[in-house]
Every structure is written in C-alpha cells, then in structure tokens.
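Trainee: Every number in this note's numbering is 807 more than the matching position in the sequence shown, counting from 1.
Built from N, CA and C at the ideal position, the CB exists for glycine as well.
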Amino acid sequence: MRLTTKGRFAVTAMIDLALRQGKGPVTLSGISQRQAISLSYLEQLFGKLRRHEIVESIRGPGGGYSLARRADKVTVADIIIAVDEPLDATQCGGKENCHGADAASGVRCMTHELWATLNEKMVDYLDSVSLQDLVDQQKQKDAAQNVVHMHRNGNHAAL
Numbered sequence: 808m809r810l811t812t813k814g815r816f817a818v819t820a821m822i823d824l825a826l827r828q829g830k831g832p833v834t835l836s837g838i839s840q841r842q843a844i845s846l847s848y849l850e851q852l853f854g855k856l857r858r859h860e861i862v863e864s865i866r867g868p869g870g871g872y873s874l875a876r877r878a879d880k881v882t883v884a885d886i887i888i889a890v891d892e893p894l895d896a897t898q899c900g901g902k903e904n905c906h907g908a909d910a911a912s913g914v915r916c917m918t919h920e921l922w923a924t925l926n927e928k929m930v931d932y933l934d935s936v937s938l939q940d941l942v943d944q945q946k947q948k949d950a951a952q953n954v955v956h957m958h959r960n961g962n963h964a965a966l
C-alpha cells in the first residue's frame with residue numbers, strides 16, 4: 808500500500824500555503840510553480856479542500872487561497888481524507904470479503920486483521936501530525952540549509 812500522488816501533492820501544497828499565511832491570499836499558480844504540480848491538478852485538489860472547509864478562496868484581483876482554520880487545527884489525515892485518498896491496506900477495501908465479491912462465504916482472508924490494524928495505526932498517526940508540525944519542520948530545514956549555505960560562502964556570521 809502506498810500513498811498516491813493525490814495525497815502527497817495535497818499535503819505538499821498545504822504546507823506551501825501554510826508557510827505563506829499572514830501574507831495575503833496564495834495563488835495556485837504560485838504553488839504550482841514552487842512545487843512543480845500542475846495547475847489543473849491543484850484546482851481539483853483545492854476544490855475538495857475548500858468543500859471540506861480546510862481552505863477558503865478569495866475571489867478577484869489579488870485573490871487566492873488561505874487556510875480556513877489555524878494550521879495547528881488541520882491534520883494530515885484531514886487533508887488526505889478531504890482529497891478522497893484511500894487509506895486502506897486491506898485487499899478487500901474494508902468490505903471484509905477478502906476472497907472477492909463473488910465469494911459465497913464472504914470470509915475474511917487470514918491477514919485481514921493485520922491490515923485492518925495497520926489502517927487504524929496509519930489514520931491515528933496521520934491524525935496526530937498537524938499542518939503546523941510540518942510547517943515548523945520545513946522552517947527548521949530551511950534555517951539549517953541557510954546556515955550551511957552561508958558558511959560555504961565564507962560568511963560565518965550565521966554560525
């Protein structure tokens with residue numbers, strides 16, 4: 808089981824948006840350029856995020872998107888669920904008919920409980936990570952890269 812492009816792009820775009828909060832609406836074209844995600848794909852994702860009240864749109868000149876709630880109140884699970892990303896490691900998609908829809912008995916496979924438990928753990932973990940956590944991590948990475956970059960250029964003031 809893997810997280811698909813839809814989920815990864817949605818989380819990436821939301822980090823980009825959250826990093827720019829307080830500086831006015833963020834355009835999808837800006838996110839598209841910075842993150843190398845197609846504009847039409849972002850439009851689809853942000854339509855779903857808006858319907859789930861994770862982002863809000865501002866129309867007109869100077870418009871774009873902003874967070875509909877604080878970054879510490881949005882979890883990765885919220886984002887992934889909003890864009891219809893399946894979080895299911897079971898073979899049956901949680902329907903408990905692991906041997907196929909036409910199986911007469913509808914019996915679970917021997918590993919169904921294992922994969923169902925993994926699903927619960929994944930959702931619990933993704934629900935424990937806020938967008939603010941990811942923003943803070945990104946800011947720390949950026950700060951560390953700036954220190955290394957300045958040091959390499961002979962400017963020791965940042966150390």
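Checking the sheet assignment: what are the DSSP bridge partners for residue 822?
Mentor: According to DSSP, which records beta bridges pairwise, residue 822 is partnered with nothing at all.
Trainee: Indicate whether the contact test is met: 3 or more Cβ pairs, each with one atom in the stretch 934-943 and one in the stretch 815-822, closer than 8 angstroms.
Mentor: yes
Trainee: Secondary structure at residue 874, three-state DSSP: helix, strand or coil?
Mentor: Strand, per DSSP.
Trainee: In terms of alpha-carbon separation, which member of 896, 847, 930 lies closest to residue 919?
Mentor: 896
Trainee: Should residue 817 be labelled buried (16 or more other beta-carbon atoms within 10 Å of its own) or exposed?
Mentor: buried
Trainee: When the Cα atoms are used, what is the spatial distance from residue 879 to residue 942?
Mentor: Rounded to the nearest angstrom, the two C-alpha atoms are 10 angstroms apart.
Trainee: Report the residue ranges of all beta strand (DSSP E) runs contained in full by the stretch 830-872; include only those spanning at least 3 residues, in chain order.
Mentor: 862-865
Trainee: Specify the secondary structure class of residue 918 as computed by DSSP and reduced to three states.
Mentor: Of the three classes helix, strand and coil, the one that applies to residue 918 here is coil, per DSSP.
Trainee: Is residue 810 near residue 892, with beta carbons less than 9 angstroms apart?
Mentor: yes
Trainee: Could you give the DSSP three-state label for residue 811: helix, strand or coil?
Mentor: coil
Trainee: For residue 933, does the three-state DSSP call read helix, strand or coil?
Mentor: helix
Trainee: Verify whether the separation of the beta carbon atoms of residue 856 and residue 889 is less than 9 angstroms.
Mentor: yes
Trainee: Taking the beta carbon of residue 838 as the centre, do at least 16 other beta carbons fall within 10 Å, making it buried, or is it exposed?
Mentor: The residue is buried, with at least 16 neighbouring Cβ atoms inside 10 Å.
Trainee: Would you check if the distance between the CB atom of residue 876 and the CB atom of residue 861 is smaller than 9 angstroms?
Mentor: yes
Trainee: Within 10 angstroms of its Cβ, does residue 914 collect 16 or more other Cβ (buried), or is it exposed?
Mentor: exposed
Trainee: Does residue 882 pass the burial test, meaning 16 or more other C-beta atoms within 10 Å, or should it be called exposed?
Mentor: Around the CB of residue 882, 16 or more other CB atoms lie within 10 Å, so the residue is classed as buried.
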